[in-house]
């Protein structure tokens, strides 16, 4: 009688040579994989812990400036090039891969207040405290640093505080006591805007709708202009002055402003009466902001010596970077491959950080990539569980920041509790608590 | 297996999770670990006192023996590693592999959960239903089923100090309990010579079979075959869990009274320990043909075993997560 019984040849399941990889037959039947819920949860918890273990965001620093780095400019087509201007008038061009300075020259007497490059990276413009606008050619190979001189110099009537270049035309705009729009070949502005404000601190051209320009004024306004028309569009008045602004590169109508009241506000250009999101995690004035090229995240540098990365739709930061050696951060940039973040600070250094703190630099092997995808998905699935959330959120911050944040939290909680009590003990409908997104906005002016 | 080696009343035969080693514990105290495929003796020693149960821990390198008074843990070479004096008069042992918990049921009616990775006693429950002799684990949700002298079966988890569920199963003491691998059905055997099949999710009876003698040992294979040792007879039922089958698939007469029973994982074999030794029977269709090497690999090398052990420890589930509903942690609270 023939009896059919399981019979395995070990040679089918063992590797032939010691240099081969082991054979790993799989059977995805859930009967062979019991307790998948708890096991996945433990894996998610371990993955979150390992994330924190491998969170080493600092890559390197670019040192060479002799005074605080005030402004930075990314090259539009070359990932490894960065321009920076410092408070003593020096402008340097850096190679980010080797982290050394390839070109340096004295641009201005006094602060270099702004740098911008044209759309193909052949020309860049700098403005300084000496009321000069200087246009420079991007230095090619074989140029000598001694003979390096600007292509054109324009003397203005007042100090210029910021500059930005149009994304398609050979046009740039400067701001100081008013907003001037310049053509590259002219020495007089083609258009000037001023809307009742004594100084305009910073401005930015919209990367998608190229003719729209946003500016931050010292009267706590954020104003929008169209360079094709002679009259301004609209402006929103906030509670405190905005120091910097950045446009979302993927969503044409959204921009984020970095405000003195330690918050960042993301607005939709079409509806300025309500902020899309209020990002509040800094404890002191936010001085610089930049968008990731994906348009999903924002990096901000603040007076409290920390760099924070926010997701565009979330009010709390995703990550915070700080070092003992890094002092007040004046400007931040997100590299165009969305992998690195740069901070220019008061103590003459530009620091290069990873955008995702625990990410491995370089190419992952096939198995590593699969494992990484799996752990990312697990962390996302179980991110609401209290233990996982506690570990994922935990960050060490400097003592001053921790104490200030604690105090801020106590104050806001107390205020909220009082407002709630008033509302609860008043007649229904008489007390109206304004939403966070609206309450920081004073007015909108058309 | 040579019967002369074990001229004793009962033999407990236990296979490791990957079916490489067979652990034999005789009632009078003879312990042996045999490599089941090559039939080589890994270790053999005598503890010189009553041995009630033996159980492998997370892999075949360590095993626990419930001796006359205390619980002892031995290495695969036979060296005694621990003598656990907190665990008195243990009758039966059970190991939860994903939680690294050794569950021991004592004559004094207490249930102990010992974490074998940290050595901590996670929970000790006073069951208060008489001496505990019969223990089984539900592999699907890691709950422990105890069979009691008054015919009830109770379900326990380490978090809760009382039984989660108590089911009245038999008239007379429950002799043996077994649960299928997917956690759908539970089989109980009582002194009333009935083998009953229950739906363990709704706790309702499904069907029952008459056995010639009260079945002292039960096991369910990976493919859902049910084996019962009733006196000198071993009966194997195929398809007996989902539907009622009319007659046993296989029957075998042993040379001694059967005391322990275990299907070999991933093989079509059934190992029976009885008073004359250990027999292995061929049962076609019992084993799972396709194993998952990332879970249990019968052909693992030494290096794979070691790395697997590290991964198992890293992914050890905390004892607090054991609930009757295994998917509870991935569910969203409603309302």
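Residue numbers (our numbering), protein chains in the order written: chain A, -18 to 427; chain B, 104 to 438.
Note that CB positions come from ideal geometry on N, CA and C, so glycine has one too.
If you're wondering where the values come from, they're calculated on a predicted model, not measured in any experiment.
Between which two residues does the alpha helix (DSSP H) containing residue i stretch?
i: residue 418 (chain A); result: 417 to 420
i: residue 402 (chain A); result: 380 to 405
i: residue 28 (chain A); result: 17 to 34
i: residue 411 (chain B); result: 405 to 417
i: residue 368 (chain A); result: 367 to 374
i: residue 351 (chain A); result: 347 to 362
i: residue -8 (chain A); result: -9 to -6
Using a C-beta cutoff of 7 Å, does residue i count as contacting chain B?
i: residue 240 (chain A); result: no
i: residue 5 (chain A); result: yes
i: residue 349 (chain A); result: no
i: residue 286 (chain A); result: no
i: residue -14 (chain A); result: yes
i: residue -9 (chain A); result: yes
i: residue -17 (chain A); result: no
i: residue 425 (chain A); result: no
i: residue 295 (chain A); result: no
i: residue -5 (chain A); result: yes
When you compare the CB of residue i with every CB in chain A, is at least one pair closer than 7 Å?
i: residue 246 (chain B); result: no
i: residue 242 (chain B); result: yes
i: residue 220 (chain B); result: no
i: residue 430 (chain B); result: yes
i: residue 282 (chain B); result: no
i: residue 402 (chain B); result: yes
i: residue 382 (chain B); result: no
i: residue 285 (chain B); result: yes
i: residue 424 (chain B); result: yes
i: residue 324 (chain B); result: no
Which residues does DSSP list as the beta-bridge partners of residue i?
i: residue 292 (chain A); result: A:278
i: residue 54 (chain A); result: A:64
i: residue 95 (chain A); result: A:108
i: residue 124 (chain B); result: B:138
i: residue 270 (chain B); result: B:256
i: residue 297 (chain B); result: B:313
i: residue 143 (chain B); result: B:138
i: residue 161 (chain A); result: A:155 and A:173
i: residue 178 (chain B); result: B:165
i: residue 308 (chain B); result: B:301
i: residue 289 (chain B); result: B:282 and B:301
On the premise that residue j lies in contact with residue i, defined as a C-beta separation below 8 Å, what is that separation, rounded to the nearest angstrom?
i: residue 310 (chain B); j: residue 300 (chain B); result: 5 Å
i: residue 329 (chain B); j: residue 346 (chain B); result: Actually they do not touch by this definition, with Cβ atoms about 12 Å apart.
i: residue 173 (chain A); j: residue 164 (chain A); result: At roughly 13 Å, the Cβ-Cβ gap does not stay under 8 Å, so residue 173 (chain A) and residue 164 (chain A) are not in contact.
i: residue 151 (chain A); j: residue 99 (chain A); result: 7 Å
i: residue 333 (chain B); j: residue 318 (chain B); result: 5 Å
i: residue 321 (chain B); j: residue 363 (chain B); result: Actually they do not touch by this definition, with Cβ atoms about 10 Å apart.
i: residue 234 (chain A); j: residue 254 (chain A); result: That pair is no contact at about 14 Å.
i: residue 225 (chain A); j: residue 269 (chain A); result: 5 Å
i: residue 204 (chain A); j: residue 176 (chain A); result: 6 Å
Which residue comes first and which comes last in the beta strand (DSSP E) that contains residue i?
i: residue 77 (chain A); result: From DSSP, residue 77 (chain A) is part of no beta strand (DSSP E); its letter is neither H nor E.
i: residue 207 (chain A); result: 202 to 207
i: residue 157 (chain B); result: 154 to 159
i: residue 239 (chain B); result: 237 to 240
i: residue 299 (chain A); result: 298 to 302
i: residue 272 (chain A); result: 267 to 272
i: residue 338 (chain B); result: 336 to 340
i: residue 319 (chain B); result: 318 to 323
i: residue 183 (chain B); result: 183 to 187
i: residue 254 (chain A); result: Here residue 254 (chain A) belongs to no beta strand (DSSP E), and DSSP marks it neither H nor E.
i: residue 321 (chain A); result: 321 to 326
i: residue 215 (chain A); result: 215 to 219
i: residue 383 (chain B); result: 380 to 385
Please confirm if residue i has its CB atom under 7 Å from at least one CB of chain C.
i: residue 418 (chain B); result: Given the protein chain composition of this structure (A and B), no chain C is represented.
- Message: What are the residues in the stretch 385 to 398 of chain B lying within 9 Å of chain A by C-beta distance?
- Response: 385, 386, 387, 388, 389, 390, 391, 392, 393, 394, 395, 396, 397 and 398
- Item | Members of the stretch -3 to 22 of chain A that neighbour chain B once the beta carbon cut-off is set at 9 Å | 3, 4, 5, 6, 7, 8, 9, 10, 11, 12, 13, 14, 15, 16, 17, 18, 19, 20, 21 and 22
- Message: Please list, in chain order, the residues of the stretch 164 to 191 of chain A that have any C-beta partner in chain B closer than 9 Å.
- Response: Going along the stretch 164 to 191 of chain A in chain order, one finds no residue with a Cβ nearer than 9 Å to chain B.
- Interface residues of the stretch 199 to 215 of chain B facing chain A [CB-CB below 7 Å]: Against chain A - using a Cβ distance shorter than 7 Å - the residues of the stretch 199 to 215 of chain B are 201.
- Task: Using a Cβ-Cβ cut-off of less than 7 Å, give me the residues of the stretch 326 to 360 of chain A that come near chain B, in sequence order.
- Result: none
- Which residues, taken in chain order from the stretch 358 to 375 of chain B, show a beta carbon closer than 9 Å to some beta carbon of chain A? 369, 370, 371 and 372
- Task: Using a Cβ-Cβ cut-off of less than 9 Å, give me the residues of the stretch 206 to 237 of chain A that come near chain B, in sequence order.
- Result: none
- Task: May I ask you to list, following chain order, the residues of the stretch 402 to 418 of chain A that have a beta carbon less than 7 Å from some beta carbon of chain B?
- Result: none
- Item | Members of the stretch 24 to 48 of chain A near chain B, C-beta cut-off 8 Å | 24 and 27
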